[in-house]
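Beneath this line is the structure, given in structure tokens, with notes to follow.
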Amino acid sequence: MVRVIRARYENGVLKPLEKLDLKDGEEVEVVIRRSSVNVFGVLLRRRPDLKPEDVDKVIEELENEGVL
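Count along the sequence shown from 1, then add 55; that gives the number in my numbering.
As structure tokens, then:
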């Protein structure tokens, strides 16, 4: 099963920003992808109306096409 969640890194620990349906001690695989704001800061400055979630979709499409 694949589920994408957002998390915040604080004091050396990744903290999920939403409830996870996991049992104590269950192991998961984590893929780190920085916020699109870091990657497309210029785009966001030029198009302040874009939401980070919208830019994330563009990044995902580019990754799927092998551009990034």
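Ideal placement from N, C-alpha and C gives every residue a C-beta, glycine not left out.
The structure displayed is predicted, hence computed values, not measured ones.
From the DSSP output, in three-state form, read off residue i for me.
| i | result |
| --- | --- |
| Lys112 | helix |
| Pro71 | strand |
| Glu81 | coil |
| Glu65 | strand |
Please report how far the alpha carbon of residue i lies from the alpha carbon of residue j, in whole angstroms.
| i | j | result |
| --- | --- | --- |
| Glu120 | Val86 | 19 Å |
| Ala62 | Arg88 | 11 Å |
| Tyr64 | Glu84 | 16 Å |
| Leu117 | Met56 | 23 Å |
| Asp109 | Arg101 | 14 Å |
| Pro103 | Gly80 | 42 Å |
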